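This report refers to the structure that appears directly beneath it.
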Amino acid sequence: MPLVRGWVYAPAQERRGTAAFVVITNDRWNQSMLQVGVLPVRMSVELFDEPYSVALTGGGAVVASRLGVTDEEAGPPLLGSVVTALSPSELAAVEDRLCEFLQILPLLAPAPRVSPPLGEAGRYPVWGQIYRAGPPAAGERKRRVVVSPNAWNAISGMATFVRTTTSFERHGPEFPQIQGGAARACCGDATTFEHERVRLAPRDRPVPQVVTMRDMVAIARGLTVTHELESAVARGAT
0 MPLVRGWVYA
10 PAQERRGTAA
20 FVVITNDRWN
30 QSMLQVGVLP
40 VRMSVELFDE
50 PYSVALTGGG
60 AVVASRLGVT
70 DEEAGPPLLG
80 SVVTALSPSE
90 LAAVEDRLCE
100 FLQILPLLAP
110 APRVSPPLGE
120 AGRYPVWGQI
130 YRAGPPAAGE
140 RKRRVVVSPN
150 AWNAISGMAT
160 FVRTTTSFER
170 HGPEFPQIQG
180 GAARACCGDA
190 TTFEHERVRL
200 APRDRPVPQV
210 VTMRDMVAIA
220 RGLTVTHELE
230 SAVARGAT
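Letter by letter, the sequence shown follows residues 0 to 237 in numbering that gives the first Met the number 0.
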């Protein structure tokens with residue numbers, strides 16, 4: 000049975016600090032892809048996550064700054080049985096916080112803009128730059144673009160990435176072309192990793208090491224589709 004957006008699922012196995020997971024990618028994506036996007040429901044929230052969290056009436060909070068996917072290879076949660084479903088107001092609030100975390104509104108503005116790096120940028124993954132991150136696959140870490148805000152990356156010990164691919168088997172807004180058409184971004188598998196799982200040293204970085212603002216706008220549009228944030232964008236624009 001396909002996973003359903005907005006439904007809350009128990010973890011298949013105990014996860015420290017995490018009570019459940021909410022499916023956040025759209026149902027069309029969920030019906031056809033192995034990697035389904037999720038957000039954790041945590042019983043306590045770190046200070047740096049509080050601006051991006053939504054308290055639930057049943058207890059706990061959905062943390063929109065901790066994106067994951069259900070593909071075990073990427074180190075994500077595997078889901079168990081359905082617990083409940085978010086109310087429409089709770090889901091809308093989660094969408095709004097996720098939209099803020101991914102900086103969707105400033106990126107889709109007529110003059111796109113985001114906050115600059117803070118402090119010593121070399122010590123944490125920087126927004127709009129490319130790193131090898133996540134678990135090794137066939138002996139190599141995949142190339143990923145940072146989509147989380149620099150202030151959060153600098154203090155959380157984590158960063159959120161969108162994987163890139165040079166395969167052109169997939170098409171559509173969920174897989175926007177970047178790097179002058181040399182690669183595509185896989186927006187539906189946006190995933191958060193600890194800094195320890197990121198190759199930060201310049202010698203370990205792929206070439207090119209950065210993408211353009213135009214590419215980041217395309218990724219923002221893709222995330223809006225895969226994570227069904229169109230309503231949040233409309234609410235933020237009013």
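Each residue gets a CB set at the ideal place from its N, CA and C atoms; glycine is no exception. For clarity, every value in this text was computed on a predicted model and none was experimentally measured.
Determine the DSSP secondary structure at residue i, reduced to helix, strand or coil.
i	result
A150	helix
V232	helix
P50	helix
G68	For the record, residue 68 in the displayed sequence is Val; it is not Gly. In the structure shown, V68 sits in a strand (DSSP, three-state: E or B).
S88	helix
A238	Since the displayed the chain opens at 0 and closes at 237, residue 238 lies outside it and no answer follows.
A9	strand
T225	helix
S114	coil
L106	helix
V82	strand
E99	helix
E195	helix
R251	Because the chain in this structure spans residues 0 to 237, residue 251 falls outside the shown range and cannot be described.
P75	Caution applies to P75, whose pLDDT of 43 falls short of 50 and renders its modelled position unreliable; the value that the coordinates give is listed next. Reduced to three states, the DSSP call for P75 is coil.
M157	strand
G58	coil
Q178	helix
A136	strand
R202	helix
Name the DSSP bridge partner or partners of residue i?
i	result
V125	Its beta-bridge partners do not exist; DSSP assigns none.
V93	Paired residues: none, contrary to the question.
C185	R162
F20	Y8, P39
Sorted by chain position, which residues of the same chain lie with C-beta nearer than 7 Å to residue i's C-beta, five sequence neighbours on each side aside?
i	result
V61	V21, L38, V40, S52, V53, L55, V93
E71	Confidence in E71 is poor, its pLDDT being 49 and thus under 50, which makes the residue's placement unreliable; the coordinate value appears in the next sentence. Closer than 7 Å at Cβ, skipping near neighbours: L77.
Enumerate in chain order the residues of its own chain whose CB-to-CB distance from residue i is below 6 Å, with the five nearest sequence positions on each side excluded.
i	result
L2	V22, N29, V35
N152	Y123, P124, A158
A18	V40, M42, G59
D48	V62, S64
P75	Reliability of the predicted coordinates at P75 is poor, the pLDDT of 43 falling under 50, and no value is obtained from them.
Pick out whichever of the options has its Cα sitting closest to the Cα of residue i.
i	options	result
V7	M32, G58, E119, D95	G58
R112	R27, V216, Q176	V216
F100	W126, R142, T83	W126
R4	G16, R27, T223, P10	R27
A236	L199, I103, V81, P205	I103
E139	L107, I154, R204	R204
P207	I154, Q128, G16	Q128
A120	L97, E168, V145, R169	V145
What residues in its chain sit with their C-beta under 8 Å from that of residue i, if we drop five residues either side in the sequence?
i	result
L107	V216, A219, R220, T223, V232
Count the C-beta pairs between the region 156 to 165 and the region 185 to 197 that are closer than 8 Å, then say yes if the count reaches three, no if not. yes
Three CB pairs or more closer than 8 Å across the region 53 to 64 and the region 87 to 98: yes
Using 8 Å as the cut-off, can you tell me whether the region 125 to 132 makes contact with the region 188 to 201, which would need three or more C-beta pairs spanning the two stretches below that distance? yes
Does the structure place the region 204 to 214 close enough to the region 168 to 179 that three or more beta carbon pairs sit under 8 Å? Judged by Cβ distances under 8 Å, the region 168 to 179 makes contact with the region 204 to 214, as three or more pairs qualify.
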